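Presented below is the structure to which this report refers.
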Amino acid sequence: LSHKGNWITVNIPRNTIFIGIGDHLEILTNGKYKSHIHQVILDNNEVKRISMATLHGPSLDTFVAPAPGFIHDSHPPTYRGMTYKESLELNGFDEIDVQSSLIQLQMPLSL
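Per the numbering used here, residue -17 is the first one in the sequence shown, and the count goes up by one each step.
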C-alpha cells in the first residue's frame, strides 16, 4: 500500500480477498476512512493471483459529497462534491500507480 508517499509491505494470507474501499467512501466520510493506492509484487512465480476490478456506486447523476454527519466546525468539508459520473470520468485520466484523483477534489484549507 502507499502510505504517506512510501510503499509499505502488507502480508496478506493466502486465499484472501482484498477489498479497497475506494475514493467515494473517503469523500462520503470526509476523509475519516481512507482509500489506498496499492500494487502487488509476487516473489514466487508459482503463486497464482487473480485481480478483478469492479465498480459499485450510485446512479451516474447522484451528487457525491461529504455527508453532513462527518462535517463539523472543527472538521470542515475536505472534498468538493460532484456527480458520480463526473468522478468516474475524473478517475479515468489518472495514472493508476501514481496518485488517486482525490487530490484534485480536495478543498483549499482556510485559515
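C-beta atoms are modelled at their ideal positions from N, C-alpha and C, and glycine is treated no differently. As the structure is a prediction and not an experimental result, all values here were calculated from the model.
Terminal residues of the alpha helix (DSSP H) in which D5 lies: As a first step, residue 5 must be located in the sequence shown, where it is residue number 23. Per DSSP, the unbroken alpha helix (DSSP H) holding D5 starts and ends at D5 to L10.
Beta-carbon proximity list for V(-8), same chain, < 7 Å, skipping 5 on both sides: Walking along the sequence shown from the start, residue -8 turns up at place 10. Spatial neighbours of V(-8) in its own chain (CB-CB distance under 7 Å, excluding positions within 5 residues in sequence) are listed in chain order as L(-17).
Whether T60 touches N27 by CB criterion (8 Å): The residue given as residue 60 occupies position 78 in the sequence shown. The residue given as residue 27 occupies position 45 in the sequence shown. Contact flag unset, no.
Inter-residue spacing [alpha-carbon to alpha-carbon] between N73 and H38: Taking the first residue of the sequence shown as 1, we reach residue 73 at position 91. Taking the first residue of the sequence shown as 1, we reach residue 38 at position 56. Per the coordinates, the alpha-carbon of N73 lies some 14 Å from the alpha-carbon of H38.
Burial state of I(-1), where buried means 16 or more other Cβ atoms lie within 10 Å: If you number the sequence shown from 1, residue -1 lands on position 17. That one is exposed.
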